[in-house]
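Trainee: Protein chains in written order, with my numbering: chain A, 0 to 514; chain B, -11 to 88; chain C, 1286 to 1911; chain D, 17 to 196; chain E, 135 to 594. Don't be surprised by glycine CBs; every beta carbon is placed ideally from N, CA and C. Questions regarding the structure given below will be posed in turn.
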Amino acid sequence: MSDATALNLLLFLPVIGGALLLLLPERRPELVRGLSMLVLGAQLVLAAGLYFQFEAGVSGLQFETRIPWIAAWGVHYHIGLDGLNLLLVLLTAFLGPLVVAGAFTSITKDVKLFHGMVLFLQFTMLGTFLAQDLFLFYVFWEAMLIPMFLIIGIWGGERRIYATLKFFLYTAFGSILMLAAVVYLAFTVLSQDGTPSFAIADLYLLELAVPVQVLLLTGFALSFAIKVPMVPLHTWLPDAHVEAPTAGSVILAGVLLKMGTYGFLKLGFPLFPEAAQLATPLIMTLAVVSILYGAGLALVQDDIKKIIAYSSVSHLGYVMLGLVSYNLLGVQGAIIQMVSHGLVAGGLFLMVGMIYERCHSRDLGAYGGLAKLLPVYSVFFMLLTLAAIGLPATSGFTGEFLVLLGAFQGAWPLYEQGLVYPLALASAAVLGIVLGALYMLRLARRLLFGGARAPEPEGGALRDLSPREMGILAALIAAILYIGVLPNEFLQKTEQAVIEYQQRVVPERVGEGIR
Amino acid sequence: MTDANLLLAVSGMLFALGLVGVVVRRNLLVMLMFLELMLNGVLLSLAVFTQLLGAEAGAVLMFLVFVVAAAEIAIAVPIVLLLVRAGHTLDPGSYAGLKG
Amino acid sequence: MEGMLTFLVLLPLAGFLLNGLLGRRLGTGFVNGVGVGLPFLAFGIALWAWRTLEAGDGAPIVETVFTWAVIGEYSFEIAFYLDRLSAVMALIVTGVGALIHLYSVGYMKGDEGYARYFAYLNLFLFFMLLLVLGRSLLVLFVGWEGVGLASYLLIGFWFQDVAKARAGRKAFITNRVGDAGFLLGMFLVFTFAGTLEMDRINEVFAAGVVPVGVATAAGILLFIGATGKSAQIPLHVWLPDAMAGPTPVSALIHAATMVTAGVYLVARLSGVYLEAPAASALIAVIGVLTAFLAATIALVQTDIKKVLAYSTISQLGFMFLALGVGAYGVAVFHLFTHAFFKAALFLGAGSVIHALNGEQDIRLMGGLARRIPWTFGTFAIATAAIAGLPPLAGFFSKDEILWFALASGEGGSLSLWALGSLTALLTALYMFRLLWLVFLGRSRMEPDTERHVHESPVTMTGVLVVLAAFSVIGGWFGLSHYLEPLLPLPALRLDSALLHWAQIGFAVVLALLGLIGAAWLYRDGGKPADQLWQRFRRLHRVLDGKYFVDELYDRLLQRPWRWVSDRVFLRLGDRLLIDGSLHGLAALARWSAVAFTRVQSGSLHWYAWMTLFGLVAVLIWVWRYV
Amino acid sequence: MTIETVFLSIFSLGALAGAVAMFFLRHPMRVAMALIGTMLSLAAIYAQLGLHVIAVFQVLIYVGAVMVFMIYAIMLLDVRDRSFTERFSPMLVAGLAGLLLLVGVLVDGALRGEPVVAPAPTEGAFGVGVFAAAFMDGFWVYFALAAVLLLVAEIAASAVIDIRRRGEDLAAARRGKRDD
Amino acid sequence: MTPEGLLLAALPEHLLLLGILAILVTDLVSSRPRDAFLPALLTLLAAGIAAVWLHGTGHSGTPFPGHFSVDTDAFAAKALLFGLAVPVLFLARDERHESRFAMLLLASLYGAGLLLSADSLLMVFFGLELLSLPLYALVVLGFRRPESAEAALKYLVLGGVGTAVLLMGLSLTLGATGGLTAADFRTALGGEDLLSRGAVVLVVTAFMLKAAIVPFHAWAPDAYEGASVPATAYMATVVKGAVLLALVRLFGEAGAGTDLLAVVVALALLSIVWGNLAAMRQEGFRRLIAYSSIAHAGYLFLALLGPAEARFETVAFYVIVYGLTNLLALACLPRGEDWLRDRLNNLKGLYHRDPRAAILIAVAMLSLAGIPPFPGFVAKFLVFRTVMESGLVAVAVAGLVASYLGIYLYLRVIRYMFMTPAEAHPRTGPTAGFGTAAALITLAAVLLVGVFPGVVLGWL
């Protein structure tokens, strides 16, 4: 199998799986689950294989496929791996099987539709990351809303309708403005080059006047910022997270939010470099505000899922901060932080799901001393908490450390030129690690420690984790520790792409180094 | 003011009166007749232009208008009959079951 | 030998994994074997490593394990670095650590979380070794945070008690505040040095190319980190609460090793501080203030462990005083001696608590000397050592500190010395107060408790004896001189042997004064002292309330932050402004929808009118352009 | 003012008078009569303009067919409900406002626009023969199409009438709906 | 033009006429009402295939100079409209409308055919009349409810007003340019004088009325609701498409003047907003489709503002996509009493009763909302790209934002089907028979357009 075929297969496996799913009877949920596991497992294997074959330090796309799709408009089915999407593809493929495994016992209604939607979601998310054609990107980007809409709306909690509509309408609003920008770009390419093209690589070469760039970036950025989400466009997130079923929350936190930051990384900033530089102070401010605001809100919540949801706002703020530092440290850190947050928040949501499945409550006040009742559960929860806090040797540390270091390093030269603001922001961001510890430890303390109590479970005694659940969590923890301790492999594979990102956005600052 | 302009003004008046008549009269059949009045207004202006320009097309159009008017009325009257059979009134105000 | 340091570091990690994963199932024997055996083995290896170092005449041993990250031109390597400073630290950590592990066998006997306890303790050792052996600030930071984690876990070891779980959290978060400063300092240093390896940072700063302002800022920021870990003002509040953990933990983590990490950090980065006199001065001032204020609080504490906790803070203040006046070696010297006598004191306290079945209030003790003689003897030796009675360990190190506080050419001053000396007096006073109230005088114990008083098992007393012995001899070799090639002592501004001897004499007098004062004030279960305090009731309240720093933080930081989060962020921001405006827009849409559907009234006349109106409007519009 | 103008004015006035009368007459039958009056006036104008064929068609088709059909319907539907007693719909005021607007637009247009300049009328251009020739030559397709249209209209009308036969269905359906 | 040429150029229309006559004759001959489904289907297919074939051969000709001419665009437009009518026929088969429905449908399509080949305004007028007259009857034909007649009446009266307005426009065109050919209309489009502007605006207004643009839309919701499902489907798809395509043909190479542009932009945007918002509150599916079609008419009119060479492609593609998805949704409605089946309440929990129908309706809704990967997105993209190409960037952005308002209403339907428990006693059954066939046909087409939009665009 040639490599490009493998990548295509990776992308289309969920579709094939979904088609096979149609053939299965609704009455045999175990078959449905098994098939989904099989498909997503195969996908993970493929993704891992591609990851190992991916050559570090090589410029441009690897495993590229490019076929005309809407020839008249210059739209191509064009996918490929580069350093920017490699890790996110791996993350998506990694979380897929875990999500399905996590839903083995919790989803009993409309099993077939559920797995179909998860597969569809997987397809669209991978497509978004892999797309190298703006049109294709947009198609996947928007299409992703549909399965998520259904997942939250059908299998969600009490206020699921409100939450899912809010989610959809919020994100769709951003997308509409992005669409306007995409349309405009399409027609600009045509007028500048004479041939229509949506290839992102071609769009990078466009020369746009700065005011136009600003407007277009606004369109793109709104869409991405909503997805990230950045304060003040974040209020869909807590609702969606809280009402979504576990699988939904995991995918939402694990992968979906990354699409926003990936959008900035792949499109927003490199397409409109001058505008990006103009917007940097604003984005940096919002990133830091997100860090602090999210942390503050997480502190005053009593719904476990909400705490984690707001923590996402905070953690994604780091990613944005790293992206706008425009130096290797910051951007590399941002990429690692994306993956890390996917694992950590995904894991935390899975764990909340596990306890919810047992006790049917997400109210922090209802629990206490789980370390006594569910020792194994508590160990895993503690580990994830620590990773969320960013304790060294966990992935959270790698990401946050590099991001903050990058932000600081980016801000220092400006400080020396007399600009205090960026440095102040970078320093304020460091406060986030304190506030992060504040709310996460509050959560851990109230959930795990203190007098033992939990709402009466349905089937009598409270069971500790089953081997299946332990397996899921162990896989997550292993990944978290791996990135924490040995991130270099990842960093090497992404470096070339990050350098190119830097060249596109801030060509004048490439190679800026030690004084 | 030339003759043509006079007639055109009359045509416009007829058209306007016809349109307003549809709005203000209560009886369905009367409303239909006002539709005819509008068509007559149009016909007058067509006649003026046809005559002024010697355009055959105008005359043909007038002829077609007659045909269409006849056809329309042929469909309209049965529908009104149907309606009255159900609602026993010619007041369209009573036929407001579809709304919103 | 290649890999020696790595092996040393990994040993306790293995202990942690084995005990953590298998301990519960394999029973006490296994736990003891792994949990205590491995630290001793580590101590052995540390000794061997030290011998190797000395054989190489003190040339640092560097072991690169792997590359953590390479980003552009920057490389972050995980490497271990052994020089005399880290060797001393490693010896203290493994040595005292191993002893305390052994002690714990008796102390924790029968506890439900026995295996967990040893796992945590081993984990702590692992991180502490990372901290002291790491070559780069990054590795140090890993250890730094790791020990914080271990401390958090151990403070909250008995997690079902909410207060204890809270204390753990408080410790972690207070430390995190320091860490924020630490990180910023690290970033600043990195920005200028381009590396995080501490020996190279020292070189870069020593080369004098870094602006003084930057060096000062970096120094202060890193020192903020140190204040967190080493419980200096204003981040000292967590340490007394940390006494919620098992007593051996207090001895190991919150007295002998972890809390000295800040001292180690500053000493390690002496190259930076030598370029930043202002930062050094700040350290000296903070150090001496901490020492003094903690000592005053210790005077009135009634919990045996709390007294020791404040005493620890106070002693750490001394160390920072030494650091601040440029006497880095002296600070490490005091760190070294302090490790022994403070460990002895804590373990002795643990033995007392053990004997009294958990009683910690010194007002309910007294007359224990005869009942638990071994504990008493060792405790008394350690008390004398901390009070600075010659020829015990504390005497040497503390004298050197006071001397340099007075005479150092790099920031020594009379006021620092005076306050330091006053603190030395207070130290003697409160320590002997403790000794008197606990061991001497009449028994004030509850009858129930009294009946069960018993001497601790030999694993505990044995450890006490060893530590007491080191408290005696620990000061006899001049550690500061041993470290001089690495951490040269500052030049003196008052280079007079006579003055030095006078200073020593004065210090001994002070210690004796403390002893006598305590003997007099606390002779009768503390009645004379109580009468005295009656006269200074206000002062007593302030001291008893620990200067109300906790309350201040609560009012100034915690509550406002919660208030802002709840009222401003949640209610005003999220609910009212953001969601409010969104819901407003949604309502607008709904309202328009209602309006539009009303328009569609079903009336044919109305429809015709709309058409008419539209036609008119369009015509008017278009004809305007003609 | 030529004699033609006088005649045109008179017939115009007649047409307008008929239209205005349509507004105020209560019974549909009278309205129909007024409309017929207007139509006849218009026919006269057409004749005056030399459009004899059209004038003939106006009388034959409009007055002869359409209006007769209309009158037939009026007689058939003499239900005597409110629409017979009340002349005006509730939209009277709005409608008159609309009329004002419309007239305003027309006046506005008339004031702004260039007066239409009349070229000399082509004498006898629209005799029956000329018209028929033109029709059959250049426009015969419309003749065919008119046939199709009438056919379709007939089908449609018959379909509607067919439904009317199923009046019982309707009543049943109504009752059914009420029951729900 | 030779007789063969005459025959060939108008072959689709001839076939339609032939079909009508055949059905009429059989109807007259036979004693009892006959099912005309098969002949009608065959006629439609024959006409459609003829159009496709002629389009394929690139045939063009002018059988009636100045009145009726054909080119590839005309054949493409006819083919797509006839194609859209096929599922309608299938849908109608389930409604038992006998032969008259088929005849009227074919007649209306005949009018559409004329409209799409019209070279003169007379032909436009005739085509429009032939298109709409059968509709009045079609609306009333599903007469199981008194509202049907009411709907037909409203449609008829307002349609009559529209006819009068159109005629006035034609008359003014004649006055302004001296002729009644399409070319004369284009001259009037460029004219600066009162008569020309009046003529143009009246003609466009009439088309707006037929296409249901606010404020000339009032008939649409009532007529759609009153009509039976197949009639609604026909009106919402084929008729709207025919009107717009005819307008595109009428405009030809000419562009709208500033004044007309402003009117069209304003009314189109108003329609989008109005339609999308008003649809939010509807409880009947057809009424919802009606308002949504008002909004979609707004998009189509915006497309009309694009550069001349892009207009036909844009409008045609949009009509295909919009028509197909609408048909798909209507075809999948559950079976039952006509007025019951389109209550949104009866769609509640549809997924649990009839998952396939629910999923297909959901697909249709999302496509209508313009959410990728469904073809509605490509169509929307095309429209707004066309608008932007003509330099109206702000209009395009405003239109996109206005289109955002429509998302909620489609989601609402999906929510009812998937996220709401079913009513206790659903009075509707799953789709079956010809309805399913219609659904499958449209689904296949939707998939084709959705996965390979490039192919369809290339064909146009």
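Taking C-beta pairs closer than 9 Å, name the residues in chain B that Ile179 of chain D reaches, listed in chain order.
Mentor: Taking the first residue of the fourth sequence as position 1, residue 179 of chain D is located at position 163. Simply Pro66, Leu70.
Trainee: For Leu1828 of chain C versus Thr1532 of chain C, is the C-beta distance shorter than 8 Å?
Mentor: Within the third sequence, numbered from 1, the residue matching residue 1828 of chain C stands at position 543. Within the third sequence, numbered from 1, the residue matching residue 1532 of chain C stands at position 247. Against a cut-off of 8 Å, the Cβ pair of Thr1532 of chain C and Leu1828 of chain C comes out as no contact.
Trainee: Inspect the CB distances between the stretch 1346 to 1355 of chain C and the stretch 1289 to 1297 of chain C and report whether three or more fall short of 8 Å.
Mentor: Contact holds: three or more Cβ-Cβ distances are below 8 Å.
Trainee: Would you please verify whether the beta carbon of Tyr270 of chain E is less than 8 Å from any beta carbon of chain B?
Mentor: Within the fifth sequence, residue 270 of chain E is the residue found at index 136, counting from 1. Taking Cβ atoms only, chain B reaches closer than 8 Å to Tyr270 of chain E, which makes this a yes.
Trainee: Excluding the 5 residues flanking Gly1398 of chain C on each side, which residues of the same chain have their C-beta closer than 7 Å to its C-beta?
Mentor: Translated into the one-based positions of the third sequence, residue 1398 of chain C becomes position 113. Phe1442.
Trainee: Could you pull the DSSP bridge partners for Asp132 of chain A from this structure?
Mentor: On the first sequence, residue 132 of chain A is found 133 positions in, with the first residue counted as 1. According to DSSP, which records beta bridges pairwise, Asp132 of chain A is partnered with A:Ala198.
Trainee: My assumption, with CB atoms under 8 Å, is that Val182 of chain A sits in contact with Ala573 of chain E. Please give the rounded CB distance.
Mentor: Residue mapping note: residue 182 of chain A aligns to position 183 of the first sequence, counting from 1. Residue mapping note: residue 573 of chain E aligns to position 439 of the fifth sequence, counting from 1. Between Ala573 of chain E and Val182 of chain A the Cβ distance is about 32 Å, and since that is not below 8 Å, they are no contact.
Trainee: For the beta strand (DSSP E) holding Gln1600 of chain C, just list the boundary residues, first then last.
Mentor: Translated into positions along the third sequence, residue 1600 of chain C becomes position 315. Unbroken run through Gln1600 of chain C is the alpha helix (DSSP H), 1589 to 1609; no beta strand (DSSP E).
Trainee: Output the distance between the C-alpha atoms of Leu41 of chain D and Ala532 of chain E, rounded to the nearest integer angstrom.
Mentor: Residue numbering aside, residue 41 of chain D sits at position 25 when the fourth sequence is read from its first letter. Residue numbering aside, residue 532 of chain E sits at position 398 when the fifth sequence is read from its first letter. Their backbone Cα atoms lie some 49 Å apart in a straight line.
Trainee: For Val323 of chain A and Glu273 of chain A, which I take to be in contact (beta-carbon distance under 8 Å), what is that distance rounded to the nearest angstrom?
Mentor: Within the first sequence, numbered from 1, the residue matching residue 323 of chain A stands at position 324. Within the first sequence, numbered from 1, the residue matching residue 273 of chain A stands at position 274. Contact doesn't hold; Cβ gap of about 14 Å is too wide.
Trainee: Below 8 Å on the Cβ atoms is my guess for Leu25 of chain B versus Leu2 of chain B; work out the distance and round it to an integer in Å.
Mentor: Your numbering for residue 25 of chain B matches position 37 in the second sequence. Your numbering for residue 2 of chain B matches position 14 in the second sequence. With a Cβ gap of about 6 Å, Leu25 of chain B and Leu2 of chain B count as contacting.
Trainee: Report the three-state DSSP secondary structure of Ala451 of chain A (helix, strand or coil).
Mentor: Reading the first sequence from its first residue, position 452 is the one you call residue 451 of chain A. Three-state result, Ala451 of chain A: coil.
Trainee: Taking Cβ-Cβ distances shorter than 9 Å, what residues in chain B pair up with Met86 of chain D?
Mentor: Along the fourth sequence, one-based indexing puts residue 86 of chain D at 70. The contacting residues are Leu17, Leu20, Met21, Glu24, Ile61, Val65.
Trainee: Could you check which residue in E:Ala352, E:Glu263, E:Ala390, E:Leu329 has the C-alpha nearest to that of Leu127 of chain D?
Mentor: Translated into the one-based positions of the fourth sequence, residue 127 of chain D becomes position 111. Among E:Ala352, E:Glu263, E:Ala390, E:Leu329, the Cα nearest to that of Leu127 of chain D belongs to E:Leu329.
Trainee: Check Phe103 of chain A in the structure and name its three-state DSSP category.
Mentor: Here residue 103 of chain A corresponds to residue number 104 of the first sequence, with the count starting at 1. Coil, per DSSP.
Trainee: Please tell me whether Leu444 of chain A has its Cβ less than 8 Å away from any Cβ of chain C.
Mentor: Position 445 of the first sequence, counted from the first residue, corresponds to residue 444 of chain A. One detail in the question is off: residue 444 of chain A reads as Arg in this sequence, not Leu. Arg444 of chain A counts as touching chain C.
Trainee: Taking one C-beta from the stretch 1306 to 1316 of chain C and one from the stretch 437 to 453 of chain E each time, how about it: are there three or more such pairs within less than 8 Å?
Mentor: No, they do not touch.
Trainee: Would you mind sorting Gln336 of chain A into buried or exposed? The rule is 16 or more other CB atoms within 10 Å of its CB.
Mentor: Residue mapping note: residue 336 of chain A aligns to position 337 of the first sequence, counting from 1. Buried is the call here.
Trainee: Indicate whether Ala396 of chain E and Trp1906 of chain C have their beta-carbon atoms separated by less than 8 Å.
Mentor: Residue mapping note: residue 396 of chain E aligns to position 262 of the fifth sequence, counting from 1. Residue mapping note: residue 1906 of chain C aligns to position 621 of the third sequence, counting from 1. Contact: yes.
Trainee: Classify Val1494 of chain C as buried or exposed, calling it buried when 16 or more other Cβ atoms lie within 10 Å of its own Cβ.
Mentor: Against the third sequence, residue 1494 of chain C aligns to sequence position 209. So Val1494 of chain C ends up on the exposed side.
Trainee: Which one of A:Phe122, A:Ile151, A:Leu133, A:Lys265 has the shortest CA to CA distance from Met143 of chain A?
Mentor: Looking up residue 143 of chain A in the first sequence gives position 144. It is A:Phe122.
Trainee: Within the 8 Å Cβ cut-off, does Val48 of chain B reach chain C?
Mentor: For the purposes of this step, residue 48 of chain B is taken as residue 60 along the second sequence, with counting starting at 1. Judged by the 8 Å Cβ criterion, Val48 of chain B is not in contact with chain C.
Trainee: Which term fits Gly1395 of chain C, buried or exposed, when burial requires 16 or more other beta carbons within 10 angstroms of its beta carbon?
Mentor: Position 110 of the third sequence, counted from the first residue, corresponds to residue 1395 of chain C. The residue is exposed, with fewer than 16 neighbouring Cβ atoms inside 10 Å.
Trainee: Residues in its own chain within less than 8 Å of Ala47 of chain A by CB, not counting five upstream and five downstream?
Mentor: Within the first sequence, the letter at position 48 stands for residue 47 of chain A. So the list reads Leu89, Ala92, once near-sequence residues are dropped.
Trainee: Per DSSP, which one or two residues make a beta bridge with Phe1361 of chain C?
Mentor: Working through the third sequence from its first residue, we reach residue 1361 of chain C at position 76. According to DSSP, which records beta bridges pairwise, Phe1361 of chain C is partnered with C:Ala1354.
Trainee: Considering only the beta carbon of each residue, do Gly403 of chain E and Ile347 of chain E sit closer than 8 Å?
Mentor: Walking along the fifth sequence from the start, residue 403 of chain E turns up at place 269. Walking along the fifth sequence from the start, residue 347 of chain E turns up at place 213. According to the sequence as given, residue 403 of chain E is Leu; it is not Gly. Going by C-beta atoms, Leu403 of chain E is not nearer than 8 Å to Ile347 of chain E.
Trainee: To which residues of the same chain is Trp72 of chain A closer than 6 Å at the C-beta, ignoring the five residues directly before and after it?
Mentor: Walking along the first sequence from the start, residue 72 of chain A turns up at place 73. So the qualifying residues of the chain are Pro195.
Trainee: Along chain B, in chain order, which residues have C-beta atoms closer than 7 Å to that of Ala1874 of chain C?
Mentor: As a working note, residue 1874 of chain C is residue 589 in the third sequence. What Ala1874 of chain C touches in chain B: nothing, since even the nearest Cβ is about 17 Å away.
Trainee: Taking 8 Å as the cut-off, does the stretch 1510 to 1521 of chain C touch the stretch 1595 to 1610 of chain C (at least 3 CB pairs, one atom from each stretch)?
Mentor: Touching, yes.
Trainee: Distance, Cα to Cα, Leu1837 of chain C vs Leu1722 of chain C?
Mentor: Along the third sequence, one-based indexing puts residue 1837 of chain C at 552. Along the third sequence, one-based indexing puts residue 1722 of chain C at 437. Those two C-alpha atoms are separated by around 31 Å.
Trainee: Using the beta-carbon count (16 or more within 10 Å), is Ala1872 of chain C buried or exposed?
Mentor: Numbered from 1 along the third sequence, position 587 holds the residue referred to as residue 1872 of chain C. Exposed.
Trainee: Are Leu129 of chain A and Val38 of chain A closer than 8 Å when you measure CB to CB?
Mentor: As a first step, residue 129 of chain A is located in the first sequence; it is residue number 130 there, counting from the start. As a first step, residue 38 of chain A is located in the first sequence; it is residue number 39 there, counting from the start. Result no, Cβ atoms of Leu129 of chain A and Val38 of chain A do not sit closer than 8 Å.
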